[in-house]
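Right, one structure below, let's go through it.
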Amino acid sequence: MSISELQSIYNKLKDIKDYLVKVGPARRQKSDTVQNKIIEAQVVYSRLEFTSSDIRKKIENSEISADSLLTVNKLINDIHTLYNKILNLVICKDDSDSKESNKLSKMASDNFDLKSAIALLPVMTGQEHVTLQIIDSIQLYSSMLNENGKKQLIEFVLKTRLTSSAKLRLKSSYSSVDVLIADMRKYLVPKKSSVAIQSQMFNTKQGHRSIEKYGAELERLFVDLTIAQADGNDEMYQVLLPLNEKIAIKRFADGLSNSRLSTIIASRSCNSLSETIRTAIDEQLLRPDDEQSVMRMKQNNYKKYNNNFLEIISDPIIGISNRNTYKVAISREFITITERHVAPNIADVALGDRAVIAVHTIAILIKV
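Structure representation (structure tokens):
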């Protein structure tokens with residue numbers, strides 16, 4: 016659903032961009048139809064904010080696979096690029112009449128438009144993702160307005176977009192959009208503890224989850240950690256993002272349930288966490304899962320031992336050293352270890368010199 020919505024946004028913006036290119040620079044500055052197309056582009060682009068919040072929820076709930084994340088990221092980047100091209104077409108200078116073109120393009124973006132504001136800015140609900148949507152939309156729309164338009168935008172936000180509790184936390188008026196946004200981030204968006212997020216990331220392991228779900232959680236955690244550490248500083252965010260991603264890549268490899276796969280991934284030089292996740296998934300598909308072979312009792316795993324015993328050469332994952340042997344007595348349902356022939360390391364079993372073990376849970380020596 017998220018990918019199809021993103022594709023729909025991209026296709027509609029592409030149609031608008033193609034139309035603006037077709038009509039030419041002169042008509043772009045004078046046609047009412049063109050101005051309607053610009054408003055339409057703003058409305059379509061605003062849908063990205065709603066879709067992004069839905070995607071964030073799905074990432075938090077591990078509902079998006081690594082492949083889908085790559086597609087989503089590409090579509091979002093393409094949408095941003097396409098929308099910027101539309102804006103550039105609107106504000107570009109006409110070489111044949113640069114002054115008139117510049118004046119008209121400025122008029123197209125300077126004035127506050129109520130319909131555009133309503134379409135771009137959702138009403139606050141108290142949910143964090145909605146508040147972040149409003150902040151992003153304010154930043155977007157204010158960049159298209161002159162000073163008078165920005166003042167009208169501030170009034171519009173304070174009077175119509177805030178909840179009662181939000182109005183109590185903010186001032187009744189603001190001199191600039193930047194100050195309004197700063198206060199909204201400070202008082203309306205709950206701060207996350209970078210220490211707590213970092214601790215959670217370092218303690219995250221795959222467990223019984225799929226690689227996709229495990230990777231999706233680490234992606235969410237390292238992004239949240241970067242946001243918390245940057246504390247609204249965009250330059251700091253850009254510096255911290257690659258550093259935290261390297262930490263997340265190492266944590267991903269260390270936390271994999273399959274120790275063999277963990278070693279393989281740690282030896283690779285992946286440039287991003289998404290690439291690391293994709294590599295782990297590919298390796299899992301190409302190679303049999305060691306953990307799934309633990310319980311298999313294959314014919315070629317046996318050999319004669321002193322003409323009295325058959326020795327099972329166990330996988331390392333079972334927890335019994337290879338080629339360690341036992342004398343056993345077999346009853347109807349259990350095998351009783353009566354004597355250690357060679358003192359092995361059975362830390363994973365920890366049953367002592369005499370113990371009863373379910374027949375299919377451990378590599379054994381069967382008396383013949």
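Mind the numbering: the sequence shown is residues 16 to 383 in the working numbering, read in order. Ideal Cβ placement from N, Cα and C applies to all residues, glycine included.
What did DSSP end up calling residue i once you bin it into helix, strand or coil?
i: residue 296; result: helix
i: residue 247; result: coil
i: residue 160; result: coil
i: residue 78; result: coil
i: residue 218; result: helix
i: residue 283; result: coil
i: residue 224; result: coil
i: residue 190; result: coil
i: residue 128; result: coil
i: residue 51; result: helix
i: residue 178; result: coil
i: residue 152; result: helix
i: residue 40; result: helix
i: residue 97; result: helix
i: residue 273; result: coil
i: residue 207; result: coil
i: residue 21; result: helix
i: residue 140; result: coil
i: residue 185; result: coil
What separation, rounded to the nearest whole angstrom, lies between the Cα atoms of residue i and residue j?
i: residue 32; j: residue 215; result: 44 Å
i: residue 237; j: residue 243; result: 10 Å
i: residue 26; j: residue 93; result: 10 Å
i: residue 56; j: residue 29; result: 10 Å
i: residue 196; j: residue 60; result: 20 Å
i: residue 160; j: residue 204; result: 25 Å
i: residue 85; j: residue 187; result: 43 Å
i: residue 250; j: residue 240; result: 15 Å
i: residue 293; j: residue 219; result: 18 Å
i: residue 35; j: residue 182; result: 41 Å
i: residue 70; j: residue 127; result: 30 Å
i: residue 201; j: residue 193; result: 12 Å
i: residue 229; j: residue 95; result: 29 Å
i: residue 301; j: residue 276; result: 11 Å
i: residue 313; j: residue 298; result: Any answer about residue 313 is weak, because its pLDDT of 36 lies below 50 and its placement is not dependable; what the coordinates show is given next. Cα to Cα, the separation comes out at about 24 Å.
i: residue 252; j: residue 246; result: 8 Å
i: residue 88; j: residue 151; result: 18 Å
i: residue 180; j: residue 54; result: 32 Å
i: residue 20; j: residue 189; result: 36 Å
i: residue 288; j: residue 80; result: 13 Å
i: residue 164; j: residue 137; result: 19 Å
i: residue 255; j: residue 41; result: 45 Å
i: residue 147; j: residue 248; result: 15 Å
i: residue 257; j: residue 207; result: 20 Å
i: residue 286; j: residue 259; result: 12 Å
i: residue 132; j: residue 63; result: 15 Å
i: residue 272; j: residue 283; result: 17 Å
i: residue 268; j: residue 67; result: 28 Å
i: residue 274; j: residue 65; result: 40 Å
i: residue 149; j: residue 209; result: 24 Å
For the candidate residues the options, whose alpha-carbon lies nearest to that of residue i?
i: residue 261; options: 234, 141 and 245; result: 234
i: residue 171; options: 156, 184, 183 and 180; result: 156
i: residue 222; options: 165, 140, 95 and 270; result: 270
i: residue 177; options: 139, 162 and 287; result: 139
i: residue 266; options: 248, 217, 254 and 286; result: 217
i: residue 52; options: 65, 37 and 63; result: 37
i: residue 212; options: 199, 254 and 263; result: 263
i: residue 77; options: 258, 224 and 282; result: 224
i: residue 184; options: 198, 191 and 146; result: 198
i: residue 39; options: 73, 104 and 66; result: 104
i: residue 72; options: 173, 268 and 144; result: 144
i: residue 167; options: 125, 248, 255 and 259; result: 125
i: residue 129; options: 100, 257, 99 and 174; result: 174
i: residue 99; options: 191, 282 and 158; result: 158
i: residue 153; options: 141, 169, 162 and 142; result: 169
Using a Cβ-Cβ distance cut-off of 8 Å, determine whether residue i contacts chain D.
i: residue 195; result: The displayed structure is made up of one protein chain only, and chain D is not part of it.
Quick one: measure Cβ to Cβ for residue i and residue j, integer angstroms, because I've assumed they're closer than 8 Å.
i: residue 227; j: residue 296; result: 7 Å
i: residue 291; j: residue 280; result: 6 Å
i: residue 134; j: residue 58; result: 4 Å
i: residue 385; j: residue 83; result: In the structure as shown, the chain begins at 16 and stops at 383. Residue 385 is therefore absent and cannot be evaluated.
i: residue 22; j: residue 102; result: About 21 Å; that fails the 8 Å criterion.
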